[in-house]
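For the sequence shown, counting from 1, position 164 maps to 165 in our numbering; every step adds exactly one.
Quick reminder that beta carbons are idealized off the backbone N, C-alpha and C, glycines included.
A quick note: this is a predicted structure, and the numbers were derived from the prediction, not measured.
Here is the structure we will look at, set down as structure tokens.
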Amino acid sequence: MPTRKKYGKRKKDDDDSGSEECNNPFMNKFIKKVKGWSNDRSDSDVYTRGNHIVFKGDVNRDNVYKLGEELETLNKEFRDLQKSLDAVICTPKPIYLHLNTYGGYLDDAWAAVDFIKSSKIPVHTIVEGRVASAGTLMSVVGQKRYMTPHSRFLIHQLRGGMWGKFADMEESLEECKDAMDDIVDLYLEHTNMTEKQIRDQLKKEKYWDIDACKRKGFIDEVWKNDL
Numbered sequence: 002m003p004t005r006k007k008y009g010k011r012k013k014d015d016d017d018s019g020s021e022e023c024n025n026p027f028m029n030k031f032i033k034k035v036k037g038w039s040n041d042r043s044d045s046d047v048y049t050r051g052n053h054i055v056f057k058g059d060v061n062r063d064n065v066y067k068l069g070e071e072l073e074t075l076n077k078e079f080r081d082l083q084k085s086l087d088a089v090i091c092t093p094k095p096i097y098l099h100l101n102t103y104g105g106y107l108d109d110a111w112a113a114v115d116f117i118k119s120s121k122i123p124v125h126t127i128v129e130g131r132v133a134s135a136g137t138l139m140s141v142v143g144q145k146r147y148m149t150p151h152s153r154f155l156i157h158q159l160r161g162g163m164w165g166k167f168a169d170m171e172e173s174l175e176e177c178k179d180a181m182d183d184i185v186d187l188y189l190e191h192t193n194m195t196e197k198q199i200r201d202q203l204k205k206e207k208y209w210d211i212d213a214c215k216r217k218g219f220i221d222e223v224w225k226n227d228l
């Protein structure tokens with residue numbers, strides 16, 4: 002029986018400002034502490050610069066747990082800063098997660114969703130180039146969702162295979178149905194589409210442009226790269 006389900010293709014606004022309760026020097030201190038490439042390797046699929054994280058590879062265990070580490074590092078930096086300021090309350094700038102991925106494994110995508118949603122610092126997602134399949138689960142859960150003007154976006158059904166006894170295959174089919182229901186539920190929660198619209202679209206292999214994504218509620222704004 003298969004144990005991992007593939008969900009992937011083959012191959013300046015006010016949210017950026019600090020809280021009024023926090024003076025600029027405090028947030029400058031936070032940004033300065035984390036500024037620069039924390040893991041500046043040209044071959045890395047996941048790396049951080051300041052409060053921006055780039056995810057430009059497959060949705061797999063290694064990349065997703067690297068993302069989790071990067072998110073935790075930024076959250077810890079801010080927690081340490083907040084402790085050092087005692088009674089002063091600061092609100093951090095959001096973390097911007099830049100996504101460019103054809104997708105990958107569904108179970109790893111759910112781990113990424115949990116990492117993003119559990120971050121105490123708000124995570125804003127940015128679709129750059131193309132985001133498909135498992136990557137869309139990550140992009141849609143951002144507290145604010147952006148997309149660059151010429152990017153493309155794709156949702157579709159699971160891919161996978163079955164083997165073993167007939168009873169095993171029946172069990173695998175039920176697991177796949179449950180997994181599809183989970184995907185539909187997430188899109189229902191975070192977009193403007195109805196369940197029927199989502200299920201109909203998942204049967205297709207059609208990329209959307211930025212206008213379609215905004216109309217359907219998968220993104221909120223065009224990314225202008227002016228932060």
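In whole angstroms, what is the alpha-carbon distance linking Leu187 and Lys225? Distance between the alpha carbons of Leu187 and Lys225 is about 27 Å.
On the criterion of 16 or more Cβ atoms from any shown chain inside 10 Å, does Pro93 qualify as buried, or is it exposed? Buried, by the Cβ-count rule.
Hey, Leu155 and Glu129: beta-carbon distance below 9 Å or not? Not closer than 9 Å, so no.
For Glu206, three-class secondary structure by DSSP: Here Glu206 sits in coil by DSSP.
According to DSSP, residues forming a beta bridge with Leu155: The bridge partners DSSP lists for Leu155 are Ala133.
Of the residues Glu190, Ser152, Ala88 and Ile96, the one placed nearest Asp212, counting alpha carbons only: When each option's Cα is compared against that of Asp212, the closest is Ser152.
What residue range does the beta strand (DSSP E) around Val47 cover? Under the DSSP assignment, Val47 falls in the beta strand (DSSP E) whose first and last residues are Val47 to Arg50.
If you pair each beta-carbon of the region 51-67 with each one of the region 104-117, do three or more pairs fall below 8 Å? Three or more pairs of CB atoms, one per stretch, sit closer than 8 Å, so the region 51-67 contacts the region 104-117.
Do you know how far the Cα of Gly104 is from the Cα of Lys207? Lys207 and Gly104 have their C-alpha atoms some 15 Å from each other.
Taking DSSP as the reference, what is the three-state secondary structure of Ile220? Of the three classes helix, strand and coil, the one that applies to Ile220 here is coil, per DSSP.
Along the chain, where does the beta strand (DSSP E) that runs through Lys94 open and close? Neither: Lys94 is in no beta strand (DSSP E) and is coded neither H nor E.
Would you report the Cα separation of Asp179 and Ser173, rounded to the nearest angstrom? Distance between the alpha carbons of Asp179 and Ser173: 10 Å.
Could you tell me the distance, in whole angstroms, from the CA atom of Gly165 to the CA atom of Glu171? Gly165 and Glu171 have their C-alpha atoms roughly 10 Å apart.
Counting only the same chain and skipping the five closest in sequence on each side, list residues whose C-beta sits under 8 Å from that of Gln158. Non-local beta-carbon contacts of Gln158 in its own chain, meaning distances under 8 Å to residues more than five positions away in sequence, involve Met181, Leu203 and Lys204 in chain order.
Run of the alpha helix (DSSP H) containing Met181, from where it starts to where it stops: Met181 -> alpha helix (DSSP H) spans Phe167 to His191.
How many Å lie between Asp63 and Ser45 at the Cα? Their backbone Cα atoms lie some 11 Å apart in a straight line.
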